[in-house]
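Student:
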Amino acid sequence: MSKPRVIVLPVVRRDQHDWRIRHDRVDRLGKLALRRAGRMHHLGIGIDHARTPVLILTDDTSVTVSDHTTGEVLSTHTVDSTRTYWRNNDRSPGRWPGLLPDMNDDAEHL
7 MSKPRVIVLP
17 VVRRDQHDWR
27 IRHDRVDRLG
37 KLALRRAGRM
47 HHLGIGIDHA
57 RTPVLILTDD
67 TSVTVSDHTT
77 GEVLSTHTVD
87 STRTYWRNND
97 RSPGRWPGLL
107 PDMNDDAEHL
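Residues in the sequence shown are numbered from 7 upward in steps of one, following our numbering.
1) Decide if W25 is buried, meaning its Cβ has at least 16 other Cβ atoms within 10 Å, or exposed.
2) By Cβ distance below 6 Å, which residues in the same chain neighbour K91 in space, the five residues on each side in sequence not counted?
3) Closest to R28 by CA distance: which of T84, T76, L80 and T64 is it?
4) Can you check DSSP and say which residues form a bridge with V69?
5) In its own chain, which residues sit with a C-beta less than 8 Å from the C-beta of K37, not counting the 5 before and 5 after it?
6) Leaving out the 5 sequence neighbours to the left and right, which residues in its chain are closer than 6 Å to S81 when beta-carbon positions are compared?
7) Per DSSP, R28 is paired with what?
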(Lines of atoms letter the chains of each structure in order from A and count residues from 1; the text may use other names and numbers.)
(Lines give C-alpha, C1' and ligand atoms only; values in the text may rest on other atoms or scores of the structure.)
Protein backbone atom coordinates (compact mmCIF):
# COMPACT_ATOMS: atom_id res chain seq x y z
CA MET A 1 0.00 0.00 0.00
CA SER A 2 1.33 3.45 -0.87
CA LYS A 3 1.36 6.45 1.40
CA PRO A 4 -1.22 9.20 0.84
CA ARG A 5 0.12 12.22 -1.04
CA VAL A 6 0.75 15.33 0.98
CA ILE A 7 -0.21 18.50 -0.81
CA VAL A 8 1.34 21.67 0.54
CA LEU A 9 -0.78 24.73 -0.20
CA PRO A 10 0.79 28.18 -0.24
CA VAL A 11 0.00 30.38 2.74
CA VAL A 12 -1.95 33.45 1.72
CA ARG A 13 -1.39 36.44 3.97
CA ARG A 14 -4.00 39.14 4.43
CA ASP A 15 -1.55 41.94 3.64
CA GLN A 16 -1.05 40.73 0.07
CA HIS A 17 -3.16 42.30 -2.67
CA ASP A 18 -4.31 40.70 -5.88
CA TRP A 19 -3.84 43.33 -8.57
CA ARG A 20 -5.59 43.27 -11.92
CA ILE A 21 -3.64 45.13 -14.60
CA ARG A 22 -5.16 46.43 -17.83
CA HIS A 23 -3.89 48.57 -20.70
CA ASP A 24 -6.47 50.88 -22.27
CA ARG A 25 -7.03 54.32 -23.78
CA VAL A 26 -9.20 57.11 -22.34
CA ASP A 27 -12.10 57.95 -24.66
CA ARG A 28 -12.68 61.37 -26.24
CA LEU A 29 -14.81 62.53 -23.28
CA GLY A 30 -12.25 61.61 -20.62
CA LYS A 31 -13.93 58.41 -19.41
CA LEU A 32 -12.97 54.73 -19.13
CA ALA A 33 -15.18 51.64 -18.98
CA LEU A 34 -14.15 48.85 -16.63
CA ARG A 35 -15.84 45.49 -16.12
CA ARG A 36 -15.55 44.26 -12.54
CA ALA A 37 -17.34 41.26 -11.02
CA GLY A 38 -19.52 40.94 -14.13
CA ARG A 39 -20.73 44.57 -14.05
CA MET A 40 -19.73 47.56 -16.15
CA HIS A 41 -18.41 50.59 -14.31
CA HIS A 42 -17.43 53.97 -15.72
CA LEU A 43 -14.44 55.95 -14.47
CA GLY A 44 -14.22 59.72 -14.81
CA ILE A 45 -10.59 60.52 -15.65
CA GLY A 46 -10.96 64.06 -17.01
CA ILE A 47 -11.26 65.54 -20.48
CA ASP A 48 -7.69 66.84 -20.23
CA HIS A 49 -6.53 63.22 -20.63
CA ALA A 50 -8.74 62.32 -23.63
CA ARG A 51 -7.23 59.63 -25.89
CA THR A 52 -4.30 59.07 -23.49
CA PRO A 53 -2.96 55.49 -23.31
CA VAL A 54 -3.27 54.37 -19.68
CA LEU A 55 -2.44 51.55 -17.30
CA ILE A 56 -5.28 50.57 -14.93
CA LEU A 57 -4.43 48.88 -11.62
CA THR A 58 -7.38 47.36 -9.75
CA ASP A 59 -7.57 45.64 -6.38
CA ASP A 60 -10.49 44.88 -4.04
CA THR A 61 -10.96 48.43 -2.78
CA SER A 62 -9.46 50.86 -5.30
CA VAL A 63 -8.68 51.58 -8.94
CA THR A 64 -5.62 53.62 -9.95
CA VAL A 65 -5.19 54.96 -13.49
CA SER A 66 -1.76 56.13 -14.64
CA ASP A 67 -0.37 57.47 -17.91
CA HIS A 68 1.20 54.57 -19.79
CA THR A 69 4.13 56.58 -21.16
CA THR A 70 5.03 58.84 -18.21
CA GLY A 71 3.73 56.84 -15.23
CA GLU A 72 1.90 59.89 -13.85
CA VAL A 73 -1.13 58.95 -11.73
CA LEU A 74 -4.15 60.45 -13.50
CA SER A 75 -6.88 59.34 -11.11
CA THR A 76 -7.77 57.15 -8.16
CA HIS A 77 -11.21 55.68 -7.57
CA THR A 78 -12.83 53.93 -4.62
CA VAL A 79 -14.60 50.69 -5.54
CA ASP A 80 -18.33 50.89 -4.78
CA SER A 81 -20.15 47.89 -6.23
CA THR A 82 -23.55 49.59 -5.83
CA ARG A 83 -22.66 52.37 -8.30
CA THR A 84 -21.83 52.23 -11.99
CA TYR A 85 -19.94 55.55 -12.12
CA TRP A 86 -16.84 56.01 -9.97
CA ARG A 87 -15.64 59.59 -9.82
CA ASN A 88 -12.02 60.69 -9.68
CA ASN A 89 -11.10 61.02 -5.98
CA ASP A 90 -8.17 63.31 -6.87
CA ARG A 91 -10.52 66.07 -8.08
CA SER A 92 -13.11 68.11 -6.21
CA PRO A 93 -16.64 66.72 -6.59
CA GLY A 94 -18.01 69.86 -8.21
CA ARG A 95 -21.00 71.94 -7.23
CA TRP A 96 -23.69 69.31 -6.56
CA PRO A 97 -22.53 67.78 -3.24
CA GLY A 98 -22.95 71.17 -1.50
CA LEU A 99 -23.81 74.77 -2.19
CA LEU A 100 -21.40 77.04 -3.97
CA PRO A 101 -19.32 79.06 -1.48
CA ASP A 102 -20.56 82.43 -2.81
CA MET A 103 -24.23 81.39 -2.82
CA ASN A 104 -26.57 83.27 -0.48
CA ASP A 105 -29.72 81.52 0.82
CA ASP A 106 -31.16 84.70 2.35
CA ALA A 107 -34.68 85.30 0.94
CA GLU A 108 -34.35 89.06 1.57
CA HIS A 109 -31.20 89.29 -0.52
CA LEU A 110 -31.65 90.99 -3.90
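Here a beta-carbon is modelled for each residue, glycine too, at the ideal position from N, C-alpha and C.
Tutor: Well, looking at it:
1) exposed
2) Looking at the sequence provided, one finds Tyr at residue 91 rather than Lys. So the list reads H48, once near-sequence residues are dropped.
3) T64
4) T64 and H83
5) H48, L49, G50 and I51
6) I51, V71, N94 and D96
7) I62
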